[in-house]
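Numbering (numbering that gives the first Met the number 0), first residue to last: 0 to 294. Before any comments, here is the structure.
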Amino acid sequence: MFFYISFPVFAIIISIIAGWEQLPRHFCMERCYPMTLTNFEVDVLASGSKGNSTLIRAGQTAILIDAGISCRRIVQGLKRCGLEPEDLSGVFLTHEHRDHVAGLDVFARHYSSVPVFANERTWAQLPVRRQLPRPQVRVIPRSCTMGNLRIEPFRIPHDAVDPVGYAIFNGDEKCTYLTDCGIITKAVEQAAEGASVMVLEANHDESMLRNGPYPVALQNRILGREGHLSNRTAGQFLTSLEDPPSEVILAHLSEKNNTPDVAYRTVREVLEDCPRTREIQLYVAQQQEMVSNVR
């Protein structure tokens, strides 16, 4: 059976398709990007000023970075990804601020078989340490291996006692996790260089921050060397890399000084000016919804 489509109808269909392609990818990624370009599966369970938690897995190994949302939400997110909490090889903390550890107490006590990793100075700030079984409390070394993953922390500038990001290796592939970072340092550059996928902070739009409700002192803290990366700085950082990631999930967006659309469009605009970064697949993490590079 054959169908005849008139030229006007055909033109309308083409225009709809063209318009759809211009939509930000965080609005249509399930349709546009069903396949990932990397062996890493990254599921941001939640990200933003109110709580952060990200599942990273490759092969048979899965780790959770931060537990800044409720235990219930963490478990629900894991189940949506086909996992039980006991399937985790470990929880890795970036620093002690509440939006990264709020759910740790309940989660760790409910699932005592899952080890929790943090550096010594971060553990010293967490009262939950005294409530957990000693084998569950792990001080992360310079590098550790969990299944087929090698996890390496790297120091970042932020107003916490000893904050870190993580470079996670699966064979020759690398996934880099970086939020809560005031400025780009050599250590940050080295951790991001050559990554196939990256979770990258795009916390605020500078104009929205300067014209928003925050007191000047708080604005200056956010913009300072131990504050947070802006949308434009995140984009410029990616263009500065010789071997940038093929996939980037923008994360830790401020609820008052940013929006997913502003973050996406600002970073995309910067990436388009550099031949190395024009083809980066860009996603935007959400506070209340899970965002993934594979689903």
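Even glycine gets a Cβ: it sits at the ideal position worked out from N, Cα and C.
### Message
Is the beta carbon of alanine 201 closer than 8 angstroms to that of leucine 175?
### Response
Counting from one through the sequence shown, the residue named residue 175 turns up at place 176. Counting from one through the sequence shown, the residue named residue 201 turns up at place 202. Looking at the sequence itself, residue 175 is threonine, so the reference to leucine does not match. Not in contact: threonine 175 and alanine 201 (Cβ atoms no closer than 8 angstroms).
### Query
How big is the Cα-Cα spacing for valine 215 and arginine 224?
As a first step, residue 215 is located in the sequence shown; it is residue number 216 there, counting from the start. As a first step, residue 224 is located in the sequence shown; it is residue number 225 there, counting from the start. If I take the Cα positions, the gap works out to 16 angstroms.
### Message
So, for valine 127: in the same chain, excluding its five sequence neighbours on each side, which residues have a beta-carbon less than 7 angstroms away from its beta-carbon?
### Response
For this step, residue 127 is matched to residue 128 along the sequence shown. Result list for valine 127: Leu103, Asp104 and Ala107, in chain order.
### Message
By alpha-carbon positions, which one of Asp65, Asn292 and Pro152 ends up nearest to serine 142?
### Response
As a working note, residue 142 is residue 143 in the sequence shown. Ranking the options by Cα distance to serine 142, first place goes to Pro152.
### glycine 76 - DSSP class collapsed to helix/strand/coil
In the sequence shown, residue 76 corresponds to position 77, counting from 1. DSSP places glycine 76 in helix when its eight states are reduced to three.
### Boundaries (first-last residue) of the alpha helix (DSSP H) holding threonine 53
Within the sequence shown, the letter at position 54 stands for residue 53. It is not in any alpha helix (DSSP H) - threonine 53 instead sits in the beta strand (DSSP E) that spans 52-57.
### Message
Buried or exposed, going by whether 16 or more other CB atoms sit within 10 Å of the CB of glycine 226?
### Response
Along the sequence shown, one-based indexing puts residue 226 at 227. Result: buried.
#### Entry: C-beta contact flag for threonine 93 and proline 162 at 8 angstroms
Position 94 of the sequence shown, counted from the first residue, corresponds to residue 93. Position 163 of the sequence shown, counted from the first residue, corresponds to residue 162. The answer is yes: Cβ separation under 8 angstroms.
### Query
Going by alpha carbons, who is nearest to glutamine 189 out of Asp158, Ser229 and Leu240?
Here residue 189 corresponds to residue number 190 of the sequence shown, with the count starting at 1. Considering only alpha carbons, the answer is Leu240.
#### Entry: Per-residue DSSP class, three states only, for serine 229
In the sequence shown, counting from the first residue as 1, residue 229 sits at position 230. Looking at serine 229 - three-state DSSP - the assignment turns out to be strand.
### Message
Nearest by alpha-carbon distance to glutamate 271: which of Thr238, Met197, Asp260 and Val113 is it?
### Response
Within the sequence shown, numbered from 1, the residue matching residue 271 stands at position 272. Cα-wise, what sits closest to glutamate 271 is Thr238.
#### Entry: Nonlocal neighbours in the same chain, by C-beta distance under 6 angstroms from histidine 203, ignoring five residues either side
Stepping through the sequence shown from its first residue, residue 203 is reached at position 204. Excluding residues within five positions, the ones whose Cβ falls inside 6 angstroms are Ser229, Ser253, Asn256 and Asn257.
### Task
Leaving aside the five residues before and after glutamate 119 along the sequence, list all residues of the same chain whose C-beta is less than 7 angstroms from its C-beta, in chain order.
As a working note, residue 119 is residue 120 in the sequence shown. Here the set comprises Val138.
### Message
Tell me whether glutamine 124, by its Cβ, gets closer than 7 angstroms to a heavy atom of the ligand GTP.
### Response
As presented, the structure is devoid of all ligands, the ligand GTP included, so that no description of it is given.
#### Entry: Own chain residues within Cβ distance below 6 angstroms of alanine 262, not counting five before or after
Position 263 of the sequence shown holds residue 262. Around alanine 262: Ala201, Asn230, Leu249, Leu252 and Val283.
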